[in-house]
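Student: Structure in structure tokens, see below.
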Amino acid sequence: MESLLFDELDLRILQALEADGRAPFSRIAEVIGVSDQTVARRYRRLVADGGLRVVGLKDSQVLGLDNWMLRLRCAPEGAETIAAALARRPDTSWIGLTSGGTEIVCGTVPRSPGDHDDLLLGKLPRTPHIVEIRAQLTLHRFFGGPEGWLRKYGPLTADQVAALRPPPPDLSTPVTLTPEDDALLAVLKRDGRATYPELQRATGRSESAVKRRLAQLLGSGALYIDVEYDLLGLGYGVAAMLWITAAPRHLDEVGRALAGHQEIAHAAATAGPSNLVATALARDTADLYRYVSGKLGHLKGVEHVETAPFMRRVKQLTYRPPLR
545 MESLLFDELD LRILQALEAD GRAPFSRIAE VIGVSDQTVA RRYRRLVADG
595 GLRVVGLKDS QVLGLDNWML RLRCAPEGAE TIAAALARRP DTSWIGLTSG
645 GTEIVCGTVP RSPGDHDDLL LGKLPRTPHI VEIRAQLTLH RFFGGPEGWL
695 RKYGPLTADQ VAALRPPPPD LSTPVTLTPE DDALLAVLKR DGRATYPELQ
745 RATGRSESAV KRRLAQLLGS GALYIDVEYD LLGLGYGVAA MLWITAAPRH
795 LDEVGRALAG HQEIAHAAAT AGPSNLVATA LARDTADLYR YVSGKLGHLK
845 GVEHVETAPF MRRVKQLTYR PPLR
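If you want it as structure tokens, here you go:
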């Protein structure tokens, strides 16, 4: 894969972090065949210049939390202000401006049913400049979350990825989050590579207790380590939301096919006007057109596609961690 900013070693390190975001530099260096110092130096540059962030996120699907996607059609003069206000809410996970800046797309994970009611039934309907509100509940994730997009393109071999990747989570033993986990999760949301002493100081628990609890959360899938980086540096200058309507009998088939497409960074089944939503990445608008009219358009069962390119991201993974 050609890159505008990252060379092959950068891509190896990024893919290694997607495989295990908390892997020690020494382990990454051993697997990809360079020195610890080289990995540390490249990591520092990726953080400073490549938009790299490593964060710990709760998996709402594993935890059984409702994940909603909001589409807010706005008057152009109000979209930026509304998006900025939504970005300050702790229950919004990501926010983007699409459709030339006239639509806000927002992912939310309400902490309680009351939060969701307050936002959808209280604040948003009374907000000036919002013309239309659509809320779509995520029913099933086909790709995204703990699954990193770079593995579809990255230079690491299957054996190298297997050497880095932790054992798959044991979904048969669910873990319930408690208030005692709040401090631990808050630190990891800022820096997924926070050291055990740092986690111990933030939580007030012993280092052994922190290690044990973190292992439980990661092992159950309730928590995963996510990696964000500058897609433009990879040569991908266009991202778009795809609102897809598939015939119900083909819904699962289309969703699984989307998950396998190299262009798709996220795909999920939803309840709402469209029954599938996906995020597509392309090098330019011509590349996006080829995907929509070709690979996507030829999928059996696809009845309608609405394409909404991102104008810009307002909220994503907003913390820049220190060097680890």
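Heads up: the sequence shown runs through residues 545 to 868, numbered per my numbering. Glycine is no exception: its CB is placed at the ideal position from the N, C-alpha and C atoms. Please read all numbers here as calculations on a predicted model, not as lab measurements.
#1: Does DSSP classify Asp635 as helix, strand or coil?
#2: So with Cβ pairs under 8 Å, would you call Lys844 a contact of chain D?
#3: I need the boundaries of the beta strand (DSSP E) containing Lys602, first residue and last residue.
#4: Would you kindly work out how many angstroms separate the C-alpha atoms of Ala822 and Ala783, rounded to a whole number?
#5: Nearest by alpha-carbon distance to Gly689: which of Asp580, Leu601, Arg571 is it?
#6: Would you list the one or two residues that DSSP bridges to Ala679?
#7: Considering just the uninterrupted stretch of the beta strand (DSSP E) at Pro853, what are its terminal residues?
#8: Given 8 Å as the limit, is there contact between the stretch 635 to 649 and the stretch 604 to 616, that is, 3 or more CB pairs closer than that?
#9: What separation, rounded to the nearest whole angstrom, lies between the Cα atoms of Glu621 and Gly816?
#10: Measure the alpha-carbon distance for Leu758 versus Gly838 and round it to whole angstroms.
#11: Between which two residues does the beta strand (DSSP E) holding Glu807 run?
#12: With Glu850 and Ser818 assumed to form a contact (beta carbons below 8 Å), what rounded beta-carbon distance in angstroms separates them?
#13: Does DSSP classify Arg670 as helix, strand or coil?
#14: Give the straight-line distance between the Cα atoms of Pro853 and Ser643, rounded to the nearest whole angstrom.
#15: Have a look at Gly608 and Ala679 and give me their C-alpha separation to the nearest angstrom.
#16: Can you name, in chain order, every residue of its own chain whose Cβ lies under 8 Å from the Cβ of Cys618, other than the five neighbours on each side?
#17: According to DSSP, what are the bridge partners of Trp787?
#18: Straight-line CA distance for Arg685 to Asp726?
#19: Should Gly666 go down as buried or exposed, given a rule of 16 or more other Cβ atoms within 10 Å for buried?
#20: Are Leu776 and Gln559 closer than 8 Å when you measure CB to CB?
#21: With burial defined as no fewer than 16 other Cβ atoms inside 10 Å of the residue's Cβ, what is the status of Pro723: buried or exposed?
#22: Three-state secondary structure (DSSP) at Asp770?
#23: I need the boundaries of the alpha helix (DSSP H) containing Glu751, first residue and last residue.
#24: Can you tell me whether Gln704 is buried or exposed? The criterion is at least 16 other CB atoms within 10 Å of its CB, across all chains shown.
Tutor: For this structure:
#1: coil
#2: Absent from the structure: chain D. Only one protein chain is present.
#3: 597 to 602
#4: 10 Å
#5: Leu601
#6: Leu614
#7: 846 to 859
#8: yes
#9: 27 Å
#10: 44 Å
#11: Careful: Glu807 lies outside any beta strand (DSSP E) and carries neither H nor E.
#12: 7 Å
#13: helix
#14: 6 Å
#15: 18 Å
#16: Ile626, Thr646, Glu647, Ile648, His673, Ile674, Val675
#17: Val821, Glu850
#18: 25 Å
#19: exposed
#20: no
#21: exposed
#22: strand
#23: 751 to 764
#24: buried
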